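Residues -10 to 526 in this note's numbering are what the sequence shown lists, from first letter to last.
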Amino acid sequence: MDLDLLLPYLLYAETHYRFKYFFSYLRKREPELVFDAPHRVDPGCPIPLLLLVKDADKFPCEIPRIEAGILKEGEEQFRIAIFEGSLDFREPMSWKLFDLDPRGLRGWIEVDVQFTIRCGPRTRCFRNDNYRTSSRRPLRVYLSDDSLPRLPDVCYGDVHTHSSYTDDQVEFGAPLAPAMNLARTMGLSFFCTTDHSYDLDDSIQTYLRNDPTLPKWTAFQREVDDLNSTVRDVVIVRGEEVSCRNSRGRNVHLLLLGNRTFVPGSGDSAERWFRTKSEYSISGVLESLETGTISIAAHPREEVPFLQRMLIGRGRWEYDDLHQPRLRGLQFPNGTLHDGFFEGKAFWIRSLLAGGKLIIVGGNDSHGNFNRFRQIGIPFVKIVERSTQLFGQIRTGVLLEDQISESSILSALAAGRCFVTDGPLCIMTVEDEGGKKMGMGETTTGTRLRCRLQVLSTPEYGTVDRLILRQGVLQSDEEEILQEIVGSKQYRLDTIVPVCATTACYLRAEVSTSGGSTKSSEGHFAITNPIWIHPSP
């Protein structure tokens, strides 16, 4: 018996697995069918509607008809016949993309998909998915009048995502090829695919058995290479989410970006009863990294559910775990701005004040969820849904020095030339007395400097409500505010702040926007990476 089914899970829900002799209300003699769409669409783009069909090798099916109603404020605006004919599915995982014309609509709309499925002798009709107990409510999509806030050389991506290479007893993700299409439509230029180490060592034929020849890892590497060589405007950054032991012997997750050599980590895989010790400690993973791999602590202070702590030995990153020479950064914005975000931020600031040089990146830990998070809530009984941890919801903006590619994105992330946002853009540079400029992630020398802050928002994300420049003097207890601009009511700010540095310190900036004119009732944020300053000798 696996431990997996005792735990809450992300991703599209795999409903065909169950314990032997157990009844499953979720199980049915049909493949899982899920329609998905991006939660946000750039102006001028059609709405890409993704159909995922899982386990049709066990339950072959045909879809003769698909149509969708497009609603705004609860009223149907028009209806589209998406497909009529015969779509046959007989593979373990299949997908189809359909482009929907929004016909000039803007703002929030809903896409309500109705489809017919023939599976064996039965013909049935569903809306949006065929899960038992799901809401089957329409997909909510924001059609923006504005592109994401941009300046030259800035591109956006999601640094923590999962794909169809995650496939096990309770979950599956979206394939890489359609994910690139949806990312483009949302205004993203890259995403990092970081599937779990304990999924990437499975056999391709069955997720119930590991394969030491690593066919899934090999296939993943090959597919990333193939897609990056043929798709020019969206890049996949390869990676892995490794389970490893923290300073207390608990299982935590470490993102590796750019690695071509597999690193095992199975302690919290729930594949074996009471065997929860991962193969490597954090330091053991970091010491063995291949050149060019970036290491990021994944969601370091997110709360771990009780059953996961007890049964599979999961824990959180401890402060002592951050003192690793090859650890590059933290990913504490993880799809939501709840306690894990604020604890992670405090964790990071404590490390910076102590002299650490960790950077931050932002992601969502999205497990194939573009529009709505679906997961198994009560095993074998209930599907639960929410609108957080969606692909691209929290983004990392990077400043590229070369044309966009996997290597240029990795270089920018490694250097810390990036900021984290769910809306506005914020870039910081520092100019020394000789006119030399340094950017985020870099170190400069001088006593009297000039810090330039560039902020850009749009009506989608609201006007700039607050801009704060903070200075952290090393070995001090807390940061100081050097400059604060409140209630500007503008979409663009470009300001110079004089800085006097008499001791070693760093600068970083934070932005928040008003909620009044945004697509949601809440404001949005951006946080820069630091620039470190050594005073002139």
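Using N, Cα and C, we set each Cβ at its ideal position, and we do this for glycine too.
Just so you know, these numbers come straight off a predicted model, no measurement behind them.
* Quick one: grab the DSSP three-state call for residue 403. => helix
* Asked: If you count every other CB in all the chains shown that lies within 10 Å of the CB of residue 35, and 16 or more means buried, which is it?
  -> exposed
* Leaving out five residues on either side along the sequence, give the residues of the same chain with a beta carbon under 7 Å from the beta carbon of residue 20. => 42, 43, 44, 45, 48, 50, 78
* Asked: Hey, residue 38 and residue 89 are a contact pair by Cβ (cut 8 Å); roughly how many whole angstroms apart?
  -> 6 Å
* Which of the three DSSP states, helix, strand or coil, is assigned to residue 445? -> strand
* Asked: By a C-beta neighbour count over all protein chains shown, 10 Å radius and 16 as the cutoff for buried, is residue 127 buried or exposed?
  -> buried
* **Residue span of the beta strand (DSSP E) that contains residue 210, given as start and end** => Element bounds for residue 210: not the beta strand (DSSP E) but the alpha helix (DSSP H), 204 to 219.
* Output the distance between the C-alpha atoms of residue 135 and residue 384, rounded to the nearest integer angstrom. => 16 Å
* **Collapsed DSSP secondary structure at residue 527 in the structure displayed** => There is simply no residue 527 to check, as the chain begins at -10 and stops at 526 in what is shown.
* Asked: Per DSSP, residue 145 is paired with what?
  -> 386
* For residue 450, is the classification buried or exposed, using 16 other Cβ atoms within 10 angstroms of its Cβ as the cut-off for buried? -> buried
* Are there 16 or more other CB atoms within 10 angstroms of the CB of residue 473, so buried, or fewer, so exposed? -> exposed
* To do: Could you please give me the residues that DSSP links to residue 180 through a beta bridge?
  => 147, 225
* Would you kindly report the start and end of the unbroken beta strand (DSSP E) that includes residue 56? => 50 to 61
* DSSP puts residue 373 in a beta bridge; with which residues? -> 364
* To do: Look up residue 240 in the DSSP assignment and give the residues it is bridged to.
  => 234, 303
* Asked: By Cβ distance, which residues of its chain are closer than 6 Å to residue 206, with the 5 residues on each side in sequence left out?
  -> 189, 251
* By DSSP, does residue 189 sit in helix, in strand, or in coil? -> helix
* Asked: Exposed or buried, what is residue 519 when buried is set at 16 or more other beta-carbons lying within 10 Å of its beta-carbon?
  -> buried
* Asked: Going along the chain, which unbroken runs of the alpha helix (DSSP H) with 4 or more residues stay wholly within the stretch 117 to 143?
  -> none
* Asked: residue 393 and residue 178: beta carbons closer than 8 Å?
  -> yes
* Counting only the same chain and skipping the five closest in sequence on each side, list residues whose C-beta sits under 6 Å from that of residue 381. => 147, 175, 177
* To do: Would you check if the distance between the CB atom of residue 532 and the CB atom of residue 388 is smaller than 8 Å?
  => No statement about residue 532 is possible, as the shown extent of the chain runs from -10 to 526 and does not include it.
* Asked: Among 314, 352, 272, which residue has its Cα nearest to the Cα of residue 345?
  -> 314
* Extent of the continuous alpha helix (DSSP H) run through residue 328 -> 328 to 342
* When you compare only the Cα positions, how much space is there between residue 523 and residue 444? -> 26 Å
* In the DSSP assignment, find the unbroken alpha helix (DSSP H) run with residue 275 in it and report its ends. => 271 to 276
* How about the stretch 493 to 505 and the stretch 454 to 461: do they share at least three Cβ pairs that are nearer than 8 Å? -> yes
* On the three-state DSSP scale, how would you describe residue 308? -> helix
* Can you pull the DSSP bridge partners for residue 514? -> 501
* Within the same chain, show all residues whose beta-carbon is closer than 7 Å to that of residue 224, passing over the 5 residues directly before and after it, in chain order. => 178, 179, 217, 393, 394, 395, 398
* Pick out whichever of 15, 301, 208, 40 has its Cα sitting closest to the Cα of residue 22. => 40
* In angstroms, rounded to a whole number, what distance separates the CA positions of residue 276 and residue 222? -> 34 Å
* Asked: So residue 369 and residue 15 are in contact, right, with Cβ under 8 Å, and what is the actual spacing, rounded?
  -> 6 Å
* To do: Could you name the residues of the same chain whose beta carbon sits closer than 6 Å to that of residue 258, not counting the 5 residues immediately before and after it, in chain order?
  => 187
* **Whole-angstrom distance between residue 248 and residue 279, CA atom to CA atom** => 7 Å
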